[in-house]
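Just below is one structure, and these are the notes that go with it.
Residue numbers (my numbering), protein chains in the order written: chain A, 7 to 120; chain B, 19 to 131.
Structure representation (structure tokens):
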């Protein structure tokens, strides 16, 4: 089975530009999570979806951040406009819907905003 | 407010010896705990977990111990191998209906050949 797929793996952009990160969860999983990892704050949950519906976006740092899940096999995290402090590794994770706790992570997208 | 804490940012162990990674939590509502391993440039991978109804779970060289009264868990790796060198994250979840995971900041384990 393919794992969680994220694209791009690396993104370098200039401040003020729009950035879109993409995620394909494991087939059959019905929960999807977006995390951000920084040296200062470790792994932070940004937002999660159950059955394509956003459940909790309290971790989204600002209105510049938005996430969508138009179907069960695709999600995007968008930053507009991007700022240097958004530089981090962004992970997507998915989870089965049968009460399981384990989340399965993608390889991450390393974002650098200059 | 960090609900899951890993107070040792790094640990070095000789190959063949035991590695002990520690984790503390503050929320008494947590009832499920997980350990993840992360190599550079990869996402965290699930390693082992334990429910709060148990105090020990073992999987090969990996054993997780839970002390609920102390709100403490530990991961033991015996014997340690160089391939175990990675960052280890502790995570916890409670019965919120969402089963969100709260992660510690990680401990970098280096196993010296």
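Glycine residues also receive a C-beta, built at the ideal position from the N, C-alpha and C atoms.
Values in this document were obtained by computation on a predicted structure and should not be read as measured data.
Contact check, residue i vs residue j, beta carbons under 8 Å
i	j	result
residue 26 (chain A)	residue 82 (chain A)	yes
residue 21 (chain B)	residue 50 (chain B)	no
residue 52 (chain A)	residue 71 (chain A)	yes
residue 91 (chain A)	residue 16 (chain A)	no
residue 91 (chain B)	residue 67 (chain B)	no
residue 9 (chain A)	residue 112 (chain A)	yes
residue 74 (chain B)	residue 83 (chain B)	yes
residue 124 (chain B)	residue 48 (chain B)	no
residue 43 (chain A)	residue 80 (chain A)	no
residue 61 (chain A)	residue 30 (chain A)	no
residue 64 (chain B)	residue 108 (chain A)	yes
residue 28 (chain B)	residue 40 (chain B)	no
residue 56 (chain A)	residue 37 (chain A)	yes
residue 118 (chain B)	residue 54 (chain A)	yes
Run of the beta strand (DSSP E) containing residue i, from where it starts to where it stops
i	result
residue 79 (chain A)	From DSSP, residue 79 (chain A) is part of no beta strand (DSSP E); its letter is neither H nor E.
residue 44 (chain B)	Looking at the DSSP string, residue 44 (chain B) is not in any beta strand (DSSP E), and its letter there is neither H nor E.
residue 126 (chain B)	125-130
residue 14 (chain B)	Shown here, chain B extends from 19 to 131; a query on residue 14 (chain B) therefore has no answer.
residue 75 (chain B)	74-77
residue 95 (chain B)	90-95
residue 21 (chain B)	Element bounds for residue 21 (chain B): n/a, residue is neither H nor E.
residue 25 (chain A)	25-30
residue 48 (chain A)	48-56
residue 12 (chain A)	11-13
Own chain residues within Cβ distance below 7 Å of residue i, not counting five before or after
i	result
residue 32 (chain B)	130
residue 104 (chain B)	55, 56, 57, 127
residue 58 (chain A)	75, 77, 78
residue 71 (chain B)	none
residue 47 (chain A)	none
residue 30 (chain B)	128, 130
residue 99 (chain B)	33, 129
residue 86 (chain B)	70
residue 93 (chain A)	117, 118, 119
residue 96 (chain B)	36, 79
Which of helix, strand or coil DSSP assigns to residue i
i	result
residue 63 (chain A)	coil
residue 49 (chain B)	strand
residue 91 (chain A)	helix
residue 122 (chain B)	coil
residue 101 (chain B)	helix
residue 106 (chain A)	coil
residue 68 (chain A)	coil
residue 71 (chain B)	coil
residue 87 (chain B)	coil
residue 116 (chain A)	strand
residue 35 (chain A)	coil
residue 134 (chain B)	The question about residue 134 (chain B) has no answer, for chain B in this structure spans 19 to 131.
Nonlocal neighbours in the same chain, by C-beta distance under 6 Å from residue i, ignoring five residues either side
i	result
residue 120 (chain B)	21, 22, 110
residue 24 (chain A)	86
residue 84 (chain A)	26, 72
residue 120 (chain A)	20
residue 63 (chain A)	53
8 Å Cβ shell around residue i - same chain, five flanking residues per side excluded
i	result
residue 6 (chain A)	Here chain A covers residues 7 to 120 and nothing more, so residue 6 (chain A) does not appear.
residue 122 (chain B)	20, 22, 23, 24, 41, 107, 108, 109
If you measure beta-carbon to beta-carbon, which residues of the stretch 67-79 of chain B are closer than 8 Å to chain C?
In summary, chain C is missing from the structure at hand, where the protein chains are A and B.
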